[in-house]
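Protein chains in written order, with this note's numbering: chain Y, 17 to 170; chain R, 17 to 170; chain F, 17 to 170; chain P, 17 to 170.
Number of protein chains: 4
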Amino acid sequence: MNQNLFKPRDPNFESRVRESFVAQSAMATLGFELARVEAGQVEIQFSHRDDLTQQHGFMHGGIIATAADNACGFSALTLMSSDKAVLSVEFKINFMAPARGDRFRAVARVVKSGATLTICNGEVLAINEEKETPVALVQATLISLDSKRAGIQN
Amino acid sequence: MNQNLFKPRDPNFESRVRESFVAQSAMATLGFELARVEAGQVEIQFSHRDDLTQQHGFMHGGIIATAADNACGFSALTLMSSDKAVLSVEFKINFMAPARGDRFRAVARVVKSGATLTICNGEVLAINEEKETPVALVQATLISLDSKRAGIQN
Amino acid sequence: MNQNLFKPRDPNFESRVRESFVAQSAMATLGFELARVEAGQVEIQFSHRDDLTQQHGFMHGGIIATAADNACGFSALTLMSSDKAVLSVEFKINFMAPARGDRFRAVARVVKSGATLTICNGEVLAINEEKETPVALVQATLISLDSKRAGIQN
Amino acid sequence: MNQNLFKPRDPNFESRVRESFVAQSAMATLGFELARVEAGQVEIQFSHRDDLTQQHGFMHGGIIATAADNACGFSALTLMSSDKAVLSVEFKINFMAPARGDRFRAVARVVKSGATLTICNGEVLAINEEKETPVALVQATLISLDSKRAGIQN
């Protein structure tokens, strides 16, 4: 799985990915930040918020899943040409520990970049002082669409 | 798959499920409402919000997944005894159409209720005037834990 | 999920699906039979075999998964036009009970038939005398390819 | 994900895992071999067989999934104590390329080893002369049961 060897089709992939991230209003609402954008890899960071928790006071699994899904989606987008948009076909996420942390990192990478479909995996880590704990593991399928069609249909 | 035949272990399951739902601060923050609670079935409803969208102006897939995950979790909880808590082990979600709607329904049901694990599936539907469109399909695994341990470990 | 309303693009879908099934040598090797082929629905049947078991003497989960995956794939194929081939993009399967039975049925149906991607779900049931027990639940994504390209790439 | 740091609870895990593998009649029938057994990691190898193919002459996805599922299951078992058995709760597999090869390797590793549940991921690689091609990516949930109960229920 030499995910570091991916060559981006669009040399300006980082600015394109960052624009797409900002265009998602949900990201600002949830306090997500796009920390790192590389060819085939993306990291999203966010902080614990009391208004996004489940019944035990930890971050809600759906919020963790949103970060994981988005990290996969934007990882896939880094390798697409500039006339393409990315949509999530599906993802599967395992929750490995309660999402108890001051801050969180969702890290994803492309495992296979195909003409139509991209396969990614990644993890979400909770940060407590010095220590990082994996809280979720994700595997996702993304599809590349013409930018003009992306809002119409999948 | 006679999911209608499930007998709840706790006759007061509805009030217990509704209390647990309210205890999740994320639900109020996202505008989710627990519309229907039956033995082995739960429905969550929510409205489109411009601050929870992706780059094409539709509801973000992560928000759709949060609703689907939670509908599965609370469906599982309806069949557990009163000293148990539910945690998501994992879920898998397919996105079938853009989440374009005025309002949404996430409907889930228990397929298998085991001593430790519960398997659920469900769908999220977008409502536009009279018409409903399926936008996501979910399959999930939940675990039953002693209420006292639920915040500690999975 | 009105899976019964699907209109096949190819009126001769059944013979096409049956030819494709026979062309899979693994089906004969594993003793799988294509019991039922309808527009958007397929059923595969097979018998317990002592040489396909896991360590407790029940049918191996991988064999159950093979039946579930194939039932999804051929369900998707029933709705494709005659110049298309189907490939599995991915599937997710939950095992709900030991695969203890004299005979088994894998039943799958199309939930969403898109231009490129098809989403299916289904279950595998163990048959013991009169009684049927669900042993697995599956959700799958299939892709439609030009027949000529299907052996080359996905 | 320091999967190399796992400490086995049973120092004799390798012989126990190898015995369990041999006890699965399906492994011999499919020609699977347990090539490598380490604490938290397992590799299964097998050869192309014309009687286990799909319609284009490549190894059937179900056979690939069987190898992936089993590699995950036995990886989980390496870290369990000697009175425990392992069962697959569920797995999700992405197919990344046609399973075209002379020989195949299914490699899996434990990502999280919990008291009850174990999370694994892995891949299946096709070997052609010198070259290896990833053909599938898997993520799985396993459950640890008392050996005496494992054949009864999950």
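By construction, the Cβ of each residue, glycine as well, lies at the ideal position given by its N, Cα and C atoms.
Should residue i go down as buried or exposed, given a rule of 16 or more other Cβ atoms within 10 Å for buried?
i             : result
residue 38/P  : exposed
residue 85/F  : buried
residue 47/P  : exposed
residue 21/Y  : exposed
residue 144/R : exposed
residue 147/P : exposed
residue 27/Y  : exposed
residue 34/R  : exposed
residue 165/R : exposed
residue 129/F : buried
residue 49/F  : exposed
residue 42/R  : buried
residue 98/P  : exposed
residue 131/R : exposed
residue 173/F : Because chain F spans 17 through 170 in this model, residue 173/F falls outside it and cannot be assessed.
Could you check which residue in the options has the C-alpha nearest to that of residue i?
i             : options                      : result
residue 112/P : 114/F, 104/F, 75/F and 117/F : 104/F
residue 117/Y : 152/Y, 161/Y and 89/Y        : 152/Y
residue 96/P  : 42/P, 139/P, 54/P and 40/P   : 54/P
residue 31/P  : 90/P, 42/P and 71/P          : 90/P
residue 154/P : 142/P, 129/P, 92/P and 138/P : 138/P
residue 36/F  : 35/P, 71/P, 66/P and 115/P   : 71/P
residue 75/R  : 120/R, 93/R and 125/R        : 120/R
residue 73/R  : 140/Y, 163/Y and 40/Y        : 40/Y
residue 56/F  : 150/F, 68/F and 29/F         : 29/F
residue 88/F  : 134/F, 77/F and 78/F         : 134/F
residue 82/F  : 23/F, 149/F, 92/F and 140/F  : 140/F
residue 24/F  : 77/F, 92/F and 102/F         : 92/F
residue 163/P : 126/P, 102/P and 94/P        : 102/P
residue 149/P : 69/Y, 127/Y, 78/Y and 68/Y   : 127/Y
Give the interface partners of residue i over in chain Y, defined as CB-CB distance under 7 Å, in chain order.
i             : result
residue 110/P : 135, 155 and 157
Whose Cβ in chain P lies nearer than 8 Å to the Cβ of residue i?
i             : result
residue 132/F : Per Cβ cutoff of 8 Å: no residues; residue 132/F is ~16 Å from chain P at best.
residue 68/F  : 41, 42 and 45
residue 79/F  : 42, 78 and 82
Report back the beta-carbon spacing between residue i and residue j to the nearest angstrom; my notes put them in contact at under 8 Å.
i             : j             : result
residue 65/F  : residue 59/F  : Actually they are not in contact, since the Cβ atoms of residue 65/F and residue 59/F sit about 19 Å apart, beyond 8 Å.
residue 115/P : residue 80/P  : 5 Å
residue 109/F : residue 107/P : 6 Å
residue 100/F : residue 161/F : 7 Å
residue 156/Y : residue 136/Y : 5 Å
residue 78/Y  : residue 77/R  : Not confirmed; about 11 Å, so no contact.
Please list, in chain order, the chain F residues whose beta carbon lies closer than 7 Å to that of residue i.
i            : result
residue 71/P : 36, 39 and 40
Could you tell me which chain R residues have their CB closer than 7 Å to the CB of residue i, listed as they occur along the chain?
i            : result
residue 86/Y : 78
For chain A, is any of its Cβ atoms less than 7 Å away from the one on residue i?
i            : result
residue 38/P : Protein chains Y, R, F and P are contained in the structure displayed, whereas chain A is not.
Give me the subset of the segment 144 to 160 of chain P whose CB atoms are less than 7 Å from a CB atom of chain Y, sorted by chain position.
150, 153, 155 and 157
Q.
Short of 7 Å Cβ to Cβ, which residues in the segment 96 to 129 of chain R face chain F?
A. 108, 110, 112, 127 and 128
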